[in-house]
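All residue numbers for the sequence shown refer to numbering that gives the first Met the number 0, where the first residue is 0 and numbers rise by one.
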Amino acid sequence: MGENGLSLQDIEALSSSFTTDNMTQTECTSGDIYDLLFNMLNNNGQNSTCDNFQKPSDPVTYRDGRLFYVYLTPVILIIGILGNSLSLNVFMSKNMRGMCASAYLAALSASDLSTLIFYVTVEWLRRGIVYIYPETKMAFLEYNGFCQILMYLSYVSRFLSSWLVVAFTVERYIGVCHPLRRRHICTKSSTRRIITVICLLSCILVLYKPVLSGVYYSADGTQYCTSNKRYDFPSFVLDSAFAVTITLVPFLIITILNILIVRKLVYTNKRQQHYTVRTNTIQSVKSANIIRTEESIIKLEFTLILLAVSFFFIAFNVPYFTIWCRNFIYNKYISQTDSVSLGDIEYWQGILYISRTIFYMNYCINFFLYSITGTYFRREVKFLFTLKRQASYEFRQSSRNANTKLAVSWV
């Protein structure tokens, strides 16, 4: 999705749509309104030169939303960078890097880490830190060339994060619903190829963003990196397509496949219960329990990781996507209205701040989901922190005792 709920072109449309009904006197120019809106959207403490602009009666939502964004985002960054770094270390460890699913989760941790650095951090430096320290200016982020690189990397990393979740979902769907095909489809080499293809696609599909972007100036001369005015419509179409590609399409695929996975697990569980009830010998009961313990329960345990990641991916993405679409489309056609209320603009911008912050949580929560739903992951984390030979010996012994079926639950 775009960097803002409103772009520089949107601000111009807004300023042109204000009528004298919004002002107490007529000396307020469109440039004054433009300046006011630009400063508001970028947390700039400067006031508009227009003193007679009618202030909104209730800016509470905008203020609270901005505070929510400004102070919670650094917490998300710290937790996310530490959690994803640790997750990447775990999935790349000797005990886990041989598993196919570990490759997907390691790649997901890396993409989430890059998103936090190139997207969340950069956006907070642009719009968050100036609220805490009004005199602080991150002008280097708006340098021509550098801003396009940062924008490109942020788009690539977000595309990767979304579609790696999709790839992991497809892999788990095949493992649960089509186990006989898994050995031929879900191999280490095929996993590496799929991850490579997703990386290449993400790098190619978002090339439009730096090409159609540039550095422009607000009414007070402040630099701002946004879409090129000459390519306003293509940027709008491509940004909308990008938003749908990283949110709506993954949402549909993940939802459908997870429903099929859950249905298969429920069916398998009922069949095992039916088999156990009909068992007459103690040995058969023990065999059924062994099958359930080593295959069903372990497979279910690690499939829960997918279900948890998928659920929170949808929960954190959909609200921001919905509000972003509302603001983006509304602001594109707002100039066609008779008048605009600054209170309405501030209200929806405040809602966007809140939903954006919730959206950021998607990039820091996975470590906790892995820890809660994955016993194997917790044991590996504990092993990394203890660094004791005895712990290493016990861990490897338990892995051998599980034979290859523990790995199969991940693959």
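Ideal placement from N, C-alpha and C gives every residue a C-beta, glycine not left out.
Expected contact under 8 Å - CB spacing of residue i and residue j to nearest Å
i, j, result
"residue 76", "residue 119", "6 Å"
"residue 89", "residue 95", "6 Å"
"residue 316", "residue 246", "5 Å"
"residue 349", "residue 61", "4 Å"
"residue 84", "residue 112", "7 Å"
"residue 100", "residue 167", "7 Å"
"residue 318", "residue 357", "6 Å"
"residue 117", "residue 149", "6 Å"
Where the beta strand (DSSP E) through residue i begins and ends
i, result
"residue 225", "222-226"
"residue 214", "212-216"
For residue i, the nearest candidate out of the options (CA to CA)
i, options, result
"residue 416", "249, 370 and 323", "A question about residue 416 goes unanswered here, because the residues of the chain that appear run from 0 up to 410."
"residue 372", "224, 302, 73 and 215", "302"
"residue 251", "355, 215, 164 and 229", "164"
"residue 320", "242, 385 and 70", "242"
"residue 311", "383, 133 and 365", "365"
"residue 235", "200, 208 and 345", "208"
"residue 202", "172, 127, 191 and 155", "155"
"residue 215", "362, 102 and 141", "141"
"residue 359", "59, 153 and 132", "153"
"residue 188", "66, 233, 325 and 102", "102"
"residue 195", "106, 100, 342 and 262", "106"
"residue 384", "73, 86 and 58", "86"
Cβ-based burial, residue i [other Cβ within 10 Å; buried from 16]
i, result
"residue 212", "buried"
"residue 217", "buried"
"residue 129", "buried"
"residue 228", "exposed"
"residue 284", "Since pLDDT at residue 284 reaches only 46, below the 50 mark, its modelled position is unreliable, and the value read off the structure follows with that caveat. The residue in question, residue 284, is exposed, as its Cβ has fewer than 16 Cβ neighbours within 10 Å."
"residue 139", "exposed"
"residue 144", "exposed"
"residue 134", "exposed"
"residue 240", "exposed"
"residue 376", "buried"
"residue 197", "buried"
"residue 104", "buried"
"residue 11", "With a pLDDT of 41 at residue 11, under the threshold of 50, the predicted position of this residue should be treated as unreliable, though the coordinate-derived value follows. It is buried - the Cβ of residue 11 has at least 16 other Cβ atoms within 10 Å."
"residue 232", "exposed"
"residue 59", "exposed"
"residue 262", "exposed"
"residue 151", "buried"
Any non-hydrogen atom of the ligand MN within 6 Å of residue i CB
i, result
"residue 96", "Absence of the ligand MN from the depicted structure is noted, as is the absence of any ligand whatsoever, leaving it without description."
Test item: CB-CB of residue i and residue j under 7 Å
i, j, result
"residue 368", "residue 307", "yes"
"residue 79", "residue 115", "yes"
"residue 322", "residue 64", "no"
"residue 309", "residue 257", "yes"
"residue 260", "residue 175", "yes"
"residue 193", "residue 181", "no"
Start and end residues, alpha helix (DSSP H) containing residue i
i, result
"residue 110", "99-114"
"residue 240", "231-242"
"residue 146", "145-176"
"residue 142", "It is not in any alpha helix (DSSP H) - residue 142 carries neither H nor E in the DSSP assignment."
"residue 67", "59-90"
"residue 245", "Where residue 245 is concerned, there is no enclosing alpha helix (DSSP H), given that its DSSP letter is neither H nor E."
"residue 121", "121-126"
"residue 379", "374-385"
"residue 187", "187-204"
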